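For reference, the structure is listed below as structure tokens.
Chains as they are written, first to last, in this note's numbering: chain A, 1 to 516; chain B, 517 to 767.
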């Protein structure tokens with residue numbers, strides 16, 4: 001097996017440092033909540049629907065708590081009170097929270113113990129709903145043969161969910177294992193989740209619960225037809241990352257793009273908000289057994305891929321540490337990286353091998369998510385196809401787990417039917433022709449690939465030590481990741497964060513947190 | 517197949533002057549077979565290709581066939597009749613840019629944003645941010661520019677308000693997402709807004725993005741357009757020509 005030299009002590013130090021970095025933030029998370037997190041809890045208990053102007057009920061209910069300055073007690077507390085004070089159902093309770101003429105400040109009336117007791121069966125039912133969806137998905141998946149790695153991941157992005165469903169089936173027919181519906185570009189900064197099936201979106205299609213259902217139906221039909229299990233992916237990111245995580249959990253999604261820091265860096269979402277939200281999101285993701293895809297590949301589109309290689313690895317350790325704290329299993333952590341080195345640099349292919357193999361060894365049981373070249377792609381589609389072939393060769397030789405296929409038209413347009421077909425065909429060719437290459441070759445002990453791997457790990461360790469000393473808050477503040485700087489109170493969504501009251505207790509969250 | 521061409525009347529070049537050889541690939545909604553092959557041939561002929569050769573036909577999705585076709589295009593293009601507006605700015609060195617702005621006596625204030633729903637800041641970041649693009653540092657790195665990058669998903673209203681507040685002289689708009697021409701709609705809306713507020717003449721308006729060129733920008737009411745591969749120094753040189761022309765030196 002072609003391995004690069006990896007110093008296990010250095011790896012252990014990386015993990016220990018990442019753990020400390022996450023621990024510092026977790027102390028903040030455990031004492032805070034957000035409008036996004038509390039909306040998620042309400043949805044999980046069963047509140048749904050929109051008012052006559054399209055505003056989701058959960059937004060109306062939770063915004064009211066925030067405006068009254070009682071968000072820190074948690075939405076469940078108020079839901080429990082409404083149930084004790086005559087609400088006939090969770091939905092009715094949420095409607096009372098949103099629309100009741102009197103203002104409830106959470107004082108007087110039922111005791112905290114009574115509130116907890118009345119919520120208990122609803123919390124259990126909410127958990128059962130997630131578990132049932134997970135079991136149904138796992139059973140369907142188990143009825144097919146396991147998908148060989150690297151699994152072939154393609155995107156559809158028409159803006160119209162019904163066209164996406166057609167394209168998803170076509171992609172499955174062409175050999176795709178995983179279909180991701182790219183999200184409309186504006187959605188990450190919306191502080192609510194749109195409702196129902198959508199047919200208009202720019203740069204992609206809105207993530208809504210109904211849209212998830214439509215694609216699930218299409219991929220289930222494709223699975224039956226192709227006699228292979230077809231996985232569905234969407235985006236648990238942006239200001240509604242937790243709500244989308246819950247929707248994905250109950251609609252049987254297989255994967256979610258979900259990153260502890262992506263929103264902060266690339267969407268300018270406030271740090272506090274993002275750290276709180278990623279925790280709530282990952283608690284649901286963990287329970288649902290969904291595989292996360294982290295976004296370290298993005299660092300290499302803003303920073304240089306040769307100089308910034310170690311930032312990817314440092315961030316993977318941090319993402320791993322955060323995910324472990326939310327109960328996500330290593331087998332479900334699709335840590336991300338990418339083939340983004342300038343292809344015209346001498347031996348850039350060797351550096352790509354070093355990076356891919358190093359990450360494979362550092363995270364041996366993790367379903368590594370490997371992203372194709374984008375930054376150095378041009379309109380020369382023929383050159384682009386060759387570039388993707390080299391990427392595929394590294395993918396199969398280093399056994400990456402999930403591979404998003406490169407498209408020769410990357411720099412031109414969203415992929416067309418033909419583009420996806422040719423990409424899948426070329427990938428199948430490479431994965432077949434070089435199937436066992438990785439088992440047959442060895443890298444020179446003191447060769448270029450080995451030296452590059454050692455250098456990158458050393459730099460990652462150094463960066464983690466620095467981040468641990470200065471804390472992640474300040475590290476992001478000075479642009480340690482992706483050359484992007486953010487401040488603790490800057491960015492979007494900070495107003496939606498609240499310190500948890502000493503009486504904060506959400507029985508569903510407690511059940512989720514019982515999973516280690 | 518050889519057809520007379522002159523120096524300025526061109527045909528596509530395969531391996532001999534005037535052979536008109538082109539390759540096209542496309543998908544038709546028909547399963548592969550003899551009928552599909554004939555359909556592809558006729559489709560190519562309809563595009564002006566003679567003697568079309570269907571090099572491959574493959575099932576690419578249920579009911580869909582992918583074709584590669586070669587043929588001799590009968591079409592010609594007379595390049596002497598083409599007029600394309602081009603940005604005539606010569607490349608300027610960093611020193612030249614800084615010196616000229618210094619002589620002007622005040623910084624050139626520039627505001628840039630990705631407008632509308634577009635969340636892709638890669639273009640505007642490459643031009644404005646210090647780091648720049650392909651080793652060419654962004655406008656922030658020049659002493660002579662006061663560059664403000666407002667980031668993504670900025671509404672036209674907000675962009676104009678900020679540009680006025682910052683006393684900007686130039687506004688840079690980047691649009692990466694071009695689905696169903698939303699980039700054009702956003703751009704036209706900005707020009708309309710500025711015109712309505714009587715502010716259009718206050719700013720030099722620049723438009724950039726992977727699907728943008730100078731011609732399109734002019735058509736949409738902008739002053740210049742910058743396409744893929746544009747470096748920050750190209751934009752800097754253009755702005756210097758506008759705001760600090762060499763005549764300033766003479767005077």
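C-beta atoms are modelled at their ideal positions from N, C-alpha and C, and glycine is treated no differently. Note that the coordinates shown come from a computational prediction; the quantities given were computed from them, not determined experimentally.
- Between the segment 659-672 of chain B and the segment 618-632 of chain B there are three or more inter-stretch CB-CB distances shorter than 8 Å, so the stretches are counted as touching.
- Contact annotation: in the segment 634-649 of chain B, residues whose CB is within less than 8 Å of a CB in chain A are 634, 635, 636, 638, 641 and 647.
- Classified as exposed, residue 436 of chain A has fewer than 16 neighbouring CB atoms from the shown chains inside 10 Å of its CB.
- In the structure shown, residue 670 of chain B falls within a strand segment according to DSSP collapsed to helix, strand and coil.
- Beta-bridge pairing by DSSP links residue 629 of chain B to B:689.
- In the three-state DSSP reduction, residue 178 of chain A falls in the strand class (E or B).
- Secondary structure of residue 400 of chain A (DSSP, three-state): coil.
- Among the residues of the segment 399-423 of chain A, those with a Cβ less than 9 Å away from any Cβ of chain B are 411, 412, 413, 414, 416, 417, 418, 420, 421 and 422, in the order of the chain.
- Taking C-beta atoms as the reference points, residue 689 of chain B and residue 706 of chain B count as a pair closer than 8 Å.
- For residue 669 of chain B, the chain A residues whose C-beta falls within less than 7 Å of its own C-beta are 186 and 189, listed in chain order.
- Each residue's CA atom was taken as its position, placing residue 459 of chain A and residue 525 of chain B some 58 Å apart.
- Residues of chain A with a Cβ closer than 9 Å to the Cβ of residue 726 of chain B are, in chain order, 379, 411 and 412.
- Taking a C-beta distance under 8 Å as the contact criterion, residue 369 of chain A and residue 293 of chain A qualify as a contact pair.
- For residue 183 of chain A, the secondary structure class from DSSP, reduced to helix, strand or coil, is strand.
- By the criterion of a C-beta distance shorter than 7 Å, residue 276 of chain A is surrounded in its chain by 29, 32, 33, 34, 37 and 497, once the five residues flanking it on both sides are discounted.
- Remark: C-beta atoms of residue 311 of chain A and residue 340 of chain A do not approach each other more closely than 8 Å.
- The C-beta separation of residue 582 of chain B from residue 539 of chain B comes to about 13 Å, leaving the pair out of contact by the 8 Å criterion.
- Note that the segment 258-269 of chain A touches the segment 485-492 of chain A; at least 3 beta-carbon pairs, one per stretch, sit closer than 8 Å.
- Taking C-beta atoms as the reference points, residue 203 of chain A and residue 157 of chain A count as a pair closer than 8 Å.
- At a C-beta separation below 7 Å, residue 202 of chain A has these neighbours in chain B: 633, 693, 695 and 698.
- Going by C-alpha positions, residue 454 of chain A is about 40 Å away from residue 187 of chain A.
- When secondary structure is reduced to three states using DSSP, residue 697 of chain B falls in the helix class.
- Under the Cβ criterion (8 Å, minimum of three pairs), the segment 17-24 of chain A counts as touching the segment 313-326 of chain A.
- For the segment 460-493 of chain A, the set of positions with a beta-carbon nearer than 7 Å to some beta-carbon of chain B reads 483 in chain order.
- The C-alpha of residue 125 of chain A is placed about 22 Å away from the C-alpha of residue 212 of chain A.
- Judged by DSSP in its simplified three-state form, residue 280 of chain A adopts helix.
- Neighbours of residue 174 of chain A in chain B, taken as residues whose beta carbon is under 9 Å from its own, are 576 and 577 in chain order.
- According to DSSP, residue 665 of chain B shares a beta bridge with B:628.
- Under the DSSP assignment, residue 12 of chain A falls in the alpha helix (DSSP H) whose first and last residues are 8-29.
- Of the other Cβ atoms in all chains shown, fewer than 16 fall within 10 Å of the Cβ of residue 346 of chain A; this residue is therefore exposed.
- By the CB criterion at 8 Å, residue 402 of chain A and residue 178 of chain A fall inside the cutoff.
- Under the Cβ criterion of 8 Å, residue 580 of chain B is counted among the residues facing chain A.
- Contiguous beta strand (DSSP E) elements confined to the segment 231-296 of chain A occur at 231-235, 255-257 and 291-293, taking only those with 3 or more residues.
- B:527 is the residue among B:675, B:655, B:527 and B:749 whose C-alpha sits nearest the C-alpha of residue 588 of chain B.
- By the neighbour-count criterion, in which 16 or more other beta carbons inside 10 Å mark a residue as buried, residue 315 of chain A falls on the buried side.
- At least one beta carbon of chain A lies nearer than 8 Å to the beta carbon of residue 543 of chain B.
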